[in-house]
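Note sheet for the following structure.
Chains as they are written, first to last, in the numbering used here: chain A, 1 to 469; chain B, 1 to 387.
Dropping the structure here:
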């Protein structure tokens with residue numbers, strides 16, 4: 001236990017993924033966001049005309065929308081000082097050996113190919129703006145599972161992409177979804193055919209390497225009736241003195257009776273703004289689960305949403321947030337009950353330490369015709385010292401009477417009675433705190449497929465080992 | 001905005017007409033809220049704009065329950081007849097409180113001197129009989145270790161009325177106060193009560209807000225816990241019928257350590273009525289040992305009723321216990337079935353279920369006379385609505 005206590009002290013102080021590579025890129029855009037850049041990007045990618053039009057429209061929307069004045073401090077983001085498109089290599093490789101050496105080294109350090117060999121059904125690795133490596137197990141490919149980077153999907157399946165792109169999160173949704181739509185690059189495209197269950201997770205890694213980089217991946221996952229998929233993403237970046245921006249758009253469509261589980265372990269370095277829009281549609285009897293771990297970044301604003309579109313749909317968000325020195329985690333969940341007989345659960349746990357700030361911001365909305373709704377929201381926050389801060393902003397808009405909806409939140413410090421009990425059993429104070437924090441995060445840790453992802457395990461251990469025992 | 005300051009109200013002792021004119025001018029310079037302000041996102045602020053409405057008087061009377069005479073150390077009066085009232089010392093400054101300062105006509109005034117105890121509840125009745133904009137204004141001070149129960153009861157006629165009551169409550173060290181406000185406005189009245197209390201060391205305040213009438217209400221309630229050991233409860237009973245709309249903001253500021261707050265709202269909605277409840281617990285840096293609780297329960301009794309709840313927490317100290325919750329439910333159909341099987345009509349059963357739903361809040365009240373009086377008012381409204 002004493003090593004746990006020591007590691008607890010170390011949380012947030014040491015960031016293992018802070019190294020960076022020398023830059024040797026095929027293309028790196030100048031700083032700033034212009035129409036010319038958007039046109040050039042689209043041309044380099046060889047995109048169809050409709051996508052270019054979508055991008056240009058989105059750029060206009062982005063420029064027109066005011067900066068949100070709620071949540072975290074966004075006014076410090078200097079949009080003119082960001083590289084919007086950085087292309088590290090010419091194409092996405094299917095064979096690990098063909099990936100450029102320096103990138104390979106980076107991902108080797110992150111432990112990815114090793115994990116893939118052992119446990120994963122498919123892996124995608126994105127470096128700066130482009131996916132540099134992509135693979136999927138042959139048997140899944142034979143069953144018709146499509147797992148591609150978004151750019152390749154646009155080339156190979158233009159009709160499917162055109163049909164679903166931006167239907168869950170429209171360009172106009174918010175300033176950052178517009179920004180993403182204008183300059184998106186990379187991300188994953190997954191389509192699981194009817195009745196196929198992908199029992200082993202598909203995984204994607206996002207790495208920012210350059211300074212003042214903007215990464216705007218775009219992910220679209222569609223599960224056809226009766227299918228199942230679990231997608232895991234991990235994010236890291238080097239430590240620089242100036243800030244980078246990560247602004248993804250993730251759209252999930254779970255058709256009748258299918259299940260999508262989407263796990264994120266966000267571990268950006270503390271100079272990354274992480275402003276992500278994630279939303280899912282759950283159709284009849286479908287289930288969408290967001291498992292969301294926010295450990296890194298300077299500011300995260302992320303509220304994974306599930307729109308429960310038809311009867312029997314179920315949504316679940318399980319999230320943990322950790323905010324250390326200089327960090328603000330403004331995370332939460334949105335459950336929108338459009339149809340009757342739908343259910344949702346939100347469990348949010350957060351820890352603030354060394355002056356960090358965590359916020360839970362959530363929405364539960366029930367539309368007038370959506371009767372027999374069950375929804376339960378629970379937020380727990382622990383404050384580990386006097387300088388830290390925790391806020392809870394739940395919004396509940398209930399337009400139907402036949403509902404059972406509950407919201408509970410508590411903010412507290414580690415309980416004196418709990419500490420006293422553990423210390424009376426011979427534990428030191430630090431060990432006792434570590435054990436309590438461990439118990440606090442346990443419901444989340446339990447959900448992680450630790451047996452599958454060695455590197456994920458390592459990452460969790462590194463960030464939280466002390467605190468989770 | 002109202003163009004001139006009228007001096008038609010009788011008994012304008014304080015403040016002076018010049019003071020009122022100045023306040024009116026200041027009000028004109030303050031921003032009027034817009035639908036983009038967080039507090040006004042769910043209730044249209046333009047409905048509370050006085051526009052060209054005529055300022056109309058408030059008729060205030062008062063009586064003591066079961067006793068004609070108050071002890072000498074308790075000064076009770078109509079505000080318009082009181083001297084040297086520190087109006088505005090506690091209320092927040094905004095366009096509505098400034099307008100109130102300029103145009104208030106009458107309201108409650110009660111000062112409990114040190115260690116004075118009023119054994120029976122003190123009831124103020126406010127009535128706005130004319131259509132127009134009315135500014136009731138009240139000031140209550142509970143001196144050191146004093147104790148009492150104060151009720152304010154607002155009513156208006158059927159004419160279109162905008163009422164903006166501002167109430168300031170000051171509790172000195174060790175004071176105990178039960179404060180009940182019943183808003184039983186006419187069907188065409190929009191009301192915007194602004195209530196703020198300030199508590200010194202070891203003062204205990206229990207506030208009960210009762211929302212029973214009116215067309216649309218935007219209700220601001222704030223408690224400032226300024227002294228260690230102080231405790232503030234804000235309770236609420238709301239009954240919505242027809243197309244009524246009531247939007248409440250309840251906020252506790254924990255400014256020092258060792259303070260306690262508790263908010264409990266029970267909202268029952270019928271017809272197409274709508275309720276918004278936004279609560280906030282704000283804990284200052286260093287306000288350790290804060291114990292704060294907040295809960296809003298919504299009972300939705302019809303298909304078209306709608307309830308929103310936003311119980312928030314903003315915490316900057318770590319050694320605290322802050323909890324909030326909100327629930328939404330309709331009544332248990334089995335309960336209704338049982339009551340129907342005993343021969344009650346559907347509305348009678350509803351009536352009984354609502355009364356039961358309110359019991360937890362009633363249970364917090366200690367004063368028997370107060371409970372009996374409140375029960376009568378409540379029963380009148382429920383019987384009229386549900387039979």
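C-beta: ideal position from N, C-alpha, C; glycine also. From a predicted model like this one, the values you see are computed outputs, not experimental measurements.
Query raised in the report: Of all the options 386/A, 401/A, 233/A, which has the alpha carbon lying nearest to the alpha carbon of residue 390/B?
Result: Since the displayed chain B opens at 1 and closes at 387, residue 390/B lies outside it and no answer follows.
Query raised in the report: Hey, out of 185/B, 380/B, 49/B, 295/B, whose CA is closest to residue 311/B's CA?
Result: 295/B
Report task. Could you tell me whether any Cβ in chain B is nearer than 8 Å to the Cβ of residue 383/A? Result -> yes
Report task. Assign residue 376/B to one of three DSSP states: helix, strand, or coil. Result -> helix
Query raised in the report: Quick one: which chain A residues come within Cβ less than 7 Å of residue 309/B?
Result: 396
Query - Among 223/A, 403/A, 85/A, nearest to residue 208/A - alpha-carbon criterion - result: 85/A
Query raised in the report: If you draw a straight line from the alpha carbon of residue 276/B to that of residue 21/A, how long is it in whole angstroms?
Result: 53 Å
**Report entry** Cutoff 8 Å: residue 135/B Cβ touching any chain A Cβ
**Finding:** no
Query raised in the report: How many angstroms separate the CA atom of residue 254/B from the CA atom of residue 164/A?
Result: 49 Å
**Report entry** Cα-Cα separation, residue 380/A to residue 349/A
**Finding:** 5 Å
Report task. State the CB to CB distance for the pair residue 192/B and residue 164/B, rounded to an integer number of angstroms; the pair is presumed to be in contact (CB under 8 Å). Result -> 5 Å
Query - Those residues which DSSP pairs with residue 224/B across a bridge - result: 198/B, 253/B
Report task. Along the beta strand (DSSP E) that carries residue 236/A, what are the first and last residues, could you check? Result -> 228 to 236
Report task. Output the boundary residues of the beta strand (DSSP E) element that contains residue 148/B. Result -> 147 to 156
Query - Cross-chain neighbours of residue 238/B in chain A, by beta carbon under 8 Å - result: Here the premise fails: no neighbours, minimum Cβ distance about 15 Å.
Query raised in the report: Anyone know if the C-beta pair for residue 249/B and residue 39/B falls short of 8 Å?
Result: yes
Query raised in the report: Is the Cβ of residue 312/B closer than 8 Å to any Cβ of chain A?
Result: yes
Query raised in the report: For residue 123/B, which of 88/B, 76/B, 99/B has the nearest alpha-carbon?
Result: 76/B
**Report entry** Three-way DSSP call (helix, strand, coil) for residue 286/B in this model
**Finding:** coil
Query raised in the report: Touching or not, the segment 361 to 369 of chain A and the segment 390 to 400 of chain A, by the rule of three or more beta carbon pairs under 8 Å?
Result: yes
Query raised in the report: For a contact meaning CB atoms closer than 9 Å, what does residue 403/A contact in chain B?
Result: 300, 328, 329, 330
**Report entry** Assigned exposure category for residue 221/A - 16 Cβ within 10 Å defines buried
**Finding:** buried
Query raised in the report: Would the segment 267 to 285 of chain A and the segment 171 to 191 of chain A be scored as touching if the rule is three or more Cβ pairs under 8 Å?
Result: yes
**Report entry** DSSP state of residue 168/B mapped onto helix, strand, coil
**Finding:** strand
Report task. In angstroms with no decimal places, state the Cα-to-Cα distance between residue 506/A and residue 223/A. Result -> With chain A represented from 1 up to 469, any question about residue 506/A goes unanswered, as that position is not in the structure.
Query - For residue 58/B and residue 126/B, believed in contact at Cβ under 8 Å, the rounded distance - result: 5 Å
Report task. Starting from residue 37/B, find everything on chain A with Cβ-Cβ shorter than 8 Å and list it in chain order. Result -> Near residue 37/B there are no residues of chain A at all, since even the closest Cβ is about 11 Å away, more than 8 Å.
Query raised in the report: Tell me which same chain residues have a C-beta within less than 7 Å of the C-beta of residue 185/B, skipping the five on either side of it?
Result: 154, 155, 156, 163, 191, 213, 214
Query raised in the report: From residue 42/B to residue 34/B, what does the alpha carbon distance come to, in whole angstroms?
Result: 11 Å
Query raised in the report: Exposed or buried, what is residue 340/A when buried is set at 16 or more other beta-carbons lying within 10 Å of its beta-carbon?
Result: buried
Query raised in the report: Can you find a CB in chain B that lies within less than 8 Å of the CB of residue 354/A?
Result: no
Requested in this report: With a 10 Å radius around its C-beta and 16 neighbouring C-beta atoms as the bar for buried, classify residue 315/A as buried or exposed.
Outcome: buried
Query raised in the report: Between the segment 408 to 424 of chain A and chain B, which residues of the former have CB atoms less than 8 Å from a CB of the latter, in chain order?
Result: 408, 409, 410, 411, 412, 413
Query raised in the report: Taking all protein chains shown into account, do 16 or more other C-beta atoms lie within 10 angstroms of the C-beta of residue 153/A, making it buried, or fewer, making it exposed?
Result: buried
Query raised in the report: Below 8 Å, can you find three or more Cβ-Cβ pairs linking the segment 128 to 143 of chain B to the segment 166 to 183 of chain B?
Result: yes
Query raised in the report: From which residue to which residue does the alpha helix (DSSP H) around residue 82/A run?
Result: Element bounds for residue 82/A: n/a, residue is neither H nor E.
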